[in-house]
Every structure is written in C-alpha cells, then in structure tokens.
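Chemist: Numbering (the working numbering), first residue to last: -1 to 197. If you scroll down you'll find the structure; I have some questions about it.
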Amino acid sequence: MGYCTISRAAVGEDPPDDISFGATDELFVALDKLVSQDFEPIELTGLAVDDVSVERTVRRYRVERVLWARNARRFADVERLRVRRGDTVRARVELRALDDGSQRTERMSFRVPDGRRRGVIRIAGGATLASEEAGLVGEDGDMESGPDSLDALLADLVSAPRNDTLIGRASFRRAPVVLIEDRVVLGSDRLRLTIARRR
C-alpha cells in the first residue's frame, strides 16, 4: 500500500471574488478521474491541501480570433491551410480581456515535419482545456486516446494544463508550445493542414 502526491497550481477565476471555486473544481475533476479509472483498485483514505495562497489579481482573457500564415506570408482568418514539409505555420492569437475589452496579441509557430500528409493545430486556453476534460485533437481529427495505466493517468493529472496558459499543439508535434500568461485564458481555435511534398 502506498500513496502519491500530486502538486498542482491554478489561478482562481470564477466567480472573480471567490478564488476557491476554480481550485476546488480542479481538485474534484482530479479525484473523479482517480476513482472512476479501471486500471487498478484504489482507496482514497484522506486528502490534504497543503498550501492555499492568493498572490495577485488575475485578469480573464478569451481567445477572440486566431490568424494563420505559412512561412513569411500574410496572416489570414482560415480554417484550412495547404503547406509543404519544412514550412513554418505561424499563428497570431488575439486575446480579449473579459473585464474591459482590451486586446492582447501572442504569437506561436510550428514547423511542418517530413513524412506526414495531414495535421491539425489547435490553440486553446488552459481554462478551456481543463473544462473540456479532454485531450487535444489527434492526427486524423479524432480526440487522442486517454491514458492506458494508472501511472499514465497520474502523469496526466500532474501535467494537465493550468488555466493561466495559452497552449498550441500540432498533432505532428510531440511537445506543445506553451505560453504562461498572468491571466486565465478561455477559448480555442483549430487549423487543419494539408501537407504537400516539397518540390
């Protein structure tokens, strides 16, 4: 019999005057995933919340629009993009503050690898991913499969996106591009890629 420790940090958001709501919700989701898994029998005998602290006021942003570009070309609002292996797909992510409507822009880029014919890039706020309780879109457009063991589930819980991140992931890219924001980020956008061979 053993125990495990999962350390997580979240930025409080909803409602803005009660920071405990977001943290409690995240804890409930993690516990629900543990008790409903079928990999190994587990018994929860206790729960300890070691540190709860409020460090600063946090703004809430939503992904308003994502503009896409291939290599050095102009950005455009598109759902599909034809690219070649070795190209760089650039994203300009427009975030809008929910309190005063001010706008902020972040940029990400993804290199198209060899040996693939299709791809999907998804950009999402960590708060959106957490609320969906889902993986990111797989290469064929289906949702990625979940963990295949209790250890993998625990690893997923530890590495789950925080709600103050803006995440960009391409299905042909192993590690996501993650930008840490000093704010809660909601919303998402997705781009489908058709990859042509280089001439």
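Think of the CB as a built atom: it goes at the ideal place given N, C-alpha and C, for glycine as much as any other residue.
Taking residue 273 as the reference, which of 40, 94, 86 and 121 has the closest Cα?
Modeler: In the structure as shown, the chain begins at -1 and stops at 197. Residue 273 is therefore absent and cannot be evaluated.
Chemist: What residue from 25, 39, 57 and 36 has the CA that sits closest to residue 46's CA?
Modeler: Locating residue 46 in the sequence shown gives position 48, counting from the first residue. When each option's Cα is compared against that of residue 46, the closest is 25.
Chemist: In terms of alpha-carbon separation, which member of 36, 62, 159 and 81 lies closest to residue 147?
Modeler: In the sequence shown, residue 147 corresponds to position 149, counting from 1. Per the Cα distances, 36.
Chemist: Return the CA-CA distance between residue 69 and residue 88, expressed in angstroms with no decimal places.
Modeler: Numbered from its first residue, the sequence shown carries residue 69 at position 71. Numbered from its first residue, the sequence shown carries residue 88 at position 90. Residue 69 and residue 88: Cα-Cα distance of roughly 7 Å.
Chemist: Name the one or two DSSP bridge partners that residue 89 has.
Modeler: Walking along the sequence shown from the start, residue 89 turns up at place 91. According to DSSP, residue 89 bridges with 66 and 106.
Chemist: Residues in the same chain with beta-carbon distance under 7 Å from residue 104, minus the five sequence neighbours each way, listed in chain order, please.
Modeler: Counting from one through the sequence shown, the residue named residue 104 turns up at place 106. Contacts found: 91, 93, 164 and 177.
Chemist: To the nearest angstrom, how far is the alpha carbon of residue 102 from that of residue 64?
Modeler: For the purposes of this step, residue 102 is taken as the residue at position 104 of the sequence shown. For the purposes of this step, residue 64 is taken as the residue at position 66 of the sequence shown. So the alpha carbons of these two residues sit roughly 12 Å apart.
Chemist: Between residue 75 and residue 43, what straight-line distance do the alpha-carbon atoms span, to the nearest angstrom?
Modeler: Position 77 of the sequence shown, counted from the first residue, corresponds to residue 75. Position 45 of the sequence shown, counted from the first residue, corresponds to residue 43. Distance between the alpha carbons of residue 75 and residue 43: 51 Å.
Chemist: Are the Cβ atoms of residue 97 and residue 71 separated by less than 8 Å?
Modeler: As a first step, residue 97 is located in the sequence shown; it is residue number 99 there, counting from the start. As a first step, residue 71 is located in the sequence shown; it is residue number 73 there, counting from the start. No; because the gap between Cβ atoms is not below 8 Å, this pair is not in contact.
Chemist: Look at the alpha carbon of residue 80 and the alpha carbon of residue 61, and state the distance between them as a whole number of angstroms.
Modeler: Along the sequence shown, one-based indexing puts residue 80 at 82. Along the sequence shown, one-based indexing puts residue 61 at 63. Taking the straight line from one Cα to the other gives about 24 Å.
Chemist: Which residue marks the beginning of the alpha helix (DSSP H) containing residue 150, and which one marks its end?
Modeler: Mapped onto the sequence shown, residue 150 falls at position 152. First-last of the alpha helix (DSSP H) with residue 150: 148 to 157.
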